[in-house]
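Chains as they are written, first to last, in our numbering: chain A, 161 to 499; chain B, 161 to 499. Taking it in order: structure first as structure tokens, then the write-up.
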């Protein structure tokens, strides 16, 4: 109640000055979902350093690039990546057209719901599943299929659409950086075309600022109109060294800030850190089984195949001064709906 | 003198109103280097259609994308593409380290200045030359080498740096579109990393808005720092169907305006034209041997291997309502220095 009364006083004063009390408040703390401490301070100090004109670390606005991994950094990636869930659902949906899948792996395991077998899927299995579910259609058809799925699919534990399982503290970082003149890019091991379906409504990131993995497309004419057919052939893998390569290829500028959460983000952070001046390198550590998930195996957390944060990565982070975000200790809230 | 007096009156009036007479004049005609006529009118009408709020063809600013081919569309490409001249000069410079080139084609032809042989170079020859001159170094080293060359190299006919041989009327179109809320992209068959070296100072196009051909890069550590090594291996050819594929891959939005000058731009214009609403598709026809060059073979112009504008392309342009720009008739001036 006292806080509300204070707000009311601030509100009246702000209205008299013609500004919004709420935006004045937000300007005071751009990261309200972060607990005070060294991690939050690292973000604020970095932004102040690169935006202070005349300062040693000032960066001109056109060079203010920040890159964000998606799965596990901006939204939930457990028990399985959202796009993998999409692919598995598609296998079930397409099965009537493929009677041979009933007896053919990896499809059989998916159709019988054999989680143990699915947990052991290797790259070859996933390549087959992606080929069967992500190719053989035009880019426009794929965007429609993915959009329809995202509109109705829900996460099994949180019972909410995947697009609502973003991390509120990271959305605040994205906003804070954009308000400070940064352009925010998503640099994901996931499918570029898949992520582009929701990058704008979910993250305020326009499709041209999504760098991801892709399959080849082929230019064809259909009914007198050109289309791009998606082919079951890998074109680019935007993961591990591919993230540094993809950043150079698609953006052509070295980021000043980079955010990840797993081994796939290592080279993106190394590449970012190899530039001059102030560079912010951060890794989200999932150490909060209660509110989200806990996995490493760094710091003795449970081992996992999805979004692995190894002890080796933790050691490199410490050695190079990368900031590790503890989900449990640094984040006041996890999801936007928790606020 | 009369024009000057009128300007002085306008100037005084404008100063009194606190605006610049010159900018007021420029606002009156955003395309002063274009002769009046249907071609210029097509550009102005398109821009008015897509920027008129409430109009049937209004396009929200975030979707205003315009793509420009570079060689032959934004700057001179004859007698040979600038990047090819760079590659040939590099062969000469690197020759002392490669004594075997004295007897080995295609290098021998370059080193002996055998223009007849060079004119017959096929894709394989150029791939060898590009591999020898564009790979085997880091991206940073390549940018430095290309920049140094561009600073001193001059066009043999015009005796000016290549970066001054841009087309003033096209620079005005780029400015006009940007002033109208468009983002201008270069979509070139040339090397993405090469064009990025000068896209910002020459065209006001930031490096992240350059889509081009590329060779593979490899992430390596050198002296404890990560680098991207350029490899003699084609990664992506941004030409012909590759331009439509590249636009979808790098931008993810269909352009509303596209500008080209040769067969390599055909699919970019088709892809642009396949979208709904007003779309501007233009091709520069080099029909001005006196001020620049004349080549087709469309319209009976001399045939050429560099920037070929075939009769078939001309027929498609007519059939689909693409606007062909006559360099001779539509452009008052060619180069910025001619103004």
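Yeah, the Cβ is synthetic: ideal placement off N, Cα and C, and Gly gets one too. Nothing here was measured: the structure is a model prediction, and the numbers come from that model.
* From the DSSP output, which residues share a beta bridge with residue 417/A? -> To locate residue 417/A, count along the first chain from 1; it is residue 257. Residue 417/A has 226/A, 440/A as its beta-bridge partners, per DSSP.
* Asked: Is the distance from the Cβ of residue 426/A to the Cβ of residue 433/A below 8 angstroms?
  -> Taking the first chain and counting its residues from 1, the one referred to as residue 426/A is at position 266. Taking the first chain and counting its residues from 1, the one referred to as residue 433/A is at position 273. Cβ atoms of residue 426/A and residue 433/A: not closer than 8 angstroms.
* With 8 angstroms as the threshold, decide whether the Cβ of residue 431/A is near any Cβ in chain B. => Working through the first chain from its first residue, we reach residue 431/A at position 271. With 8 angstroms as the cut-off, residue 431/A counts as an interface residue toward chain B.
* Quick one: does residue 346/A have its CB under 8 angstroms from some CB of chain B? -> By one-based count along the first chain, residue 346/A stands at place 186. Chain B, which has no Cβ nearer than 8 angstroms to the Cβ of residue 346/A, makes this no.
* **Bridge-paired residues (DSSP) for residue 445/A** => Position 285 of the first chain, counted from the start, is the residue given in the question as residue 445/A. Beta-bridge analysis with DSSP links residue 445/A to 486/A.
* Asked: Quick one: which chain B residues come within Cβ less than 8 angstroms of residue 296/A?
  -> On the first chain, position 136 is the one that residue 296/A refers to. Correct list: empty, because the minimum Cβ distance to chain B is about 17 angstroms.
* Can you tell me whether residue 499/B is buried or exposed, with buried defined as 16 or more other CB within 10 angstroms of its CB? -> Along the second chain, one-based indexing puts residue 499/B at 339. Per the 10 Å Cβ criterion, exposed.
* C-beta contact flag for residue 392/A and residue 375/A at 8 angstroms -> Mapped onto the first chain, residue 392/A falls at position 232. Mapped onto the first chain, residue 375/A falls at position 215. It is a contact, given that the beta carbons lie within the stated cut-off.
* **Cα-Cα separation, residue 357/B to residue 367/B** => Here residue 357/B corresponds to residue number 197 of the second chain, with the count starting at 1. Here residue 367/B corresponds to residue number 207 of the second chain, with the count starting at 1. Near 8 angstroms, if we compare the C-alpha coordinates of residue 367/B and residue 357/B.
* Output, in sequence order along the chain, the residues in the region 281-312 of chain B whose CB is closer than 8 angstroms to any CB in chain A. => Taking a C-beta cut-off of 8 angstroms against chain A, the contacting residues of the region 281-312 of chain B are 299, listed in chain order.
* On the DSSP bridge assignment, give the partners of residue 345/B in chain order. => The residue you call residue 345/B lines up with position 185 of the second chain. Residue 345/B pairs with 227/B.
* Who are the neighbours of residue 379/A on chain B, taking C-beta pairs under 7 angstroms? -> Stepping through the first chain from its first residue, residue 379/A is reached at position 219. Against chain B, the beta carbon of residue 379/A has neighbours under 7 angstroms at 401, 404, 405, 427, listed in chain order.
* Asked: Whose Cβ in chain B lies nearer than 8 angstroms to the Cβ of residue 191/A?
  -> As a first step, residue 191/A must be located in the first chain, where it is residue number 31. Chain-order list of chain B residues neighbouring residue 191/A: empty, with the shortest C-beta distance near 27 angstroms, by a criterion of under 8 angstroms.
* Using a beta-carbon distance cut-off of less than 7 angstroms, what residues from the region 430-456 of chain B approach chain E? -> Here chain E cannot be found, since the structure's protein chains are A and B.
* Which first and last residues belong to the alpha helix (DSSP H) in which residue 323/A is found? -> In the first chain, residue 323/A corresponds to position 163, counting from 1. From DSSP, residue 323/A is part of no alpha helix (DSSP H); its letter is neither H nor E.
* By a C-beta neighbour count over all protein chains shown, 10 Å radius and 16 as the cutoff for buried, is residue 504/B buried or exposed? -> Absent from the structure is residue 504/B, since the part of chain B shown begins at 161 and ends at 499.
* Over the uninterrupted beta strand (DSSP E) stretch that includes residue 390/A, give me the two end residues. => Position 230 of the first chain, counting from 1, holds the residue named residue 390/A. Here the beta strand (DSSP E) through residue 390/A covers 385-396.
* From the DSSP output, in three-state form, read off residue 257/B for me. => Indexing the second chain from 1 puts residue 257/B at position 97. The answer is helix: DSSP assigns residue 257/B an H, G or I state.
* To do: Examine chain A for any beta-carbon lying closer than 8 angstroms to the beta-carbon of residue 419/B, and answer yes or no.
  => Here residue 419/B corresponds to residue number 259 of the second chain, with the count starting at 1. Not an interface residue.
* To do: Answer yes or no: do residue 255/A and residue 240/A have a C-beta to C-beta separation smaller than 8 angstroms?
  => As a working note, residue 255/A is residue 95 in the first chain. As a working note, residue 240/A is residue 80 in the first chain. No, these two residues do not count as a Cβ contact at 8 angstroms.
* How many Å lie between residue 283/B and residue 481/B at the Cα? -> Residue numbering aside, residue 283/B sits at position 123 when the second chain is read from its first letter. Residue numbering aside, residue 481/B sits at position 321 when the second chain is read from its first letter. Their Cα atoms are separated by approximately 33 angstroms.
* To do: Would you check if the distance between the CB atom of residue 493/B and the CB atom of residue 390/B is smaller than 8 angstroms?
  => Along the second chain, read from residue 1 onward, the residue named residue 493/B stands at position 333. Along the second chain, read from residue 1 onward, the residue named residue 390/B stands at position 230. Cβ atoms of residue 493/B and residue 390/B: not closer than 8 angstroms.
* **Positions along the region 225-239 of chain A whose CB lies within less than 9 angstroms of some CB in chain B** => Answer set for the region 225-239 of chain A: 225.
* Just confirm the distance between the C-beta atoms of residue 371/B and residue 411/B, as a whole number of angstroms; I'd bet it's less than 8 angstroms. => As a position in the second chain, residue 371/B is number 211, starting the count at 1. As a position in the second chain, residue 411/B is number 251, starting the count at 1. Confirmed, about 7 angstroms.
* Three-state class that DSSP yields for residue 469/A in the structure shown -> Taking the first residue of the first chain as 1, we reach residue 469/A at position 309. In the structure shown, residue 469/A adopts extended strand secondary structure according to DSSP, grouped into three states.
* Contact set between residue 413/B and chain A, taken where Cβ atoms lie within less than 9 angstroms -> The residue given as residue 413/B occupies position 253 in the second chain. What residue 413/B touches in chain A: 366, 367, 368.
* Partner residues on chain B for residue 473/A, Cβ-Cβ distance less than 9 angstroms -> Taking the first chain and counting its residues from 1, one reaches residue 473/A at position 313. Ordered by position in chain B, no residue passes the 9 angstroms Cβ test against residue 473/A, which lies about 15 angstroms from the chain.
* Just tell me which of 325/B, 451/B, 407/B, 423/B has its CA closest to the CA of residue 443/B. => Counting from 1 along the second chain, the entry for residue 443/B is found at position 283. The option with the nearest alpha carbon to residue 443/B is 423/B.
* What do you reckon, are the CB atoms on residue 232/B and residue 467/B nearer than 8 angstroms? -> As a position in the second chain, residue 232/B is number 72, starting the count at 1. As a position in the second chain, residue 467/B is number 307, starting the count at 1. Between residue 232/B and residue 467/B, the CB-CB gap stays under 8 angstroms.
* Starting from the beta carbon of residue 391/B, find every residue of chain A whose beta carbon is closer than 8 angstroms, and list them in chain order. => In the second chain, residue 391/B corresponds to position 231, counting from 1. Those do not exist, as residue 391/B stays about 11 angstroms from chain A at its closest Cβ, beyond 8 angstroms.
* To do: Please decide whether residue 470/A counts as near chain B, where near means a Cβ-Cβ distance under 8 angstroms.
  => Along the first chain, read from residue 1 onward, the residue named residue 470/A stands at position 310. With 8 angstroms as the cut-off, residue 470/A does not count as an interface residue toward chain B.
* Which of helix, strand or coil does DSSP assign to residue 498/B? -> Against the second chain, residue 498/B aligns to sequence position 338. Here DSSP, grouped into helix, strand and coil, assigns residue 498/B to helix.
* Asked: Taking just the CA atoms, how far does residue 387/B sit from residue 381/B?
  -> Start at 1 with the first residue of the second chain, and residue 381/B comes out as number 221. Start at 1 with the first residue of the second chain, and residue 387/B comes out as number 227. Rounded to whole angstroms, the separation of the alpha carbons of residue 387/B and residue 381/B is 6 angstroms.
* Out of curiosity, what's the CA-to-CA distance linking residue 335/B and residue 484/B? -> As a position in the second chain, residue 335/B is number 175, starting the count at 1. As a position in the second chain, residue 484/B is number 324, starting the count at 1. Straight-line Cα distance between these residues: approximately 20 angstroms.
* Indicate whether the contact test is met: 3 or more Cβ pairs, each with one atom in the region 242-258 of chain B and one in the region 284-297 of chain B, closer than 8 angstroms. => Yes, the region 242-258 of chain B is in contact with the region 284-297 of chain B.
* Asked: So what's residue 377/B in DSSP terms, helix, strand or just coil?
  -> Taking the second chain and counting its residues from 1, one reaches residue 377/B at position 217. Strand.
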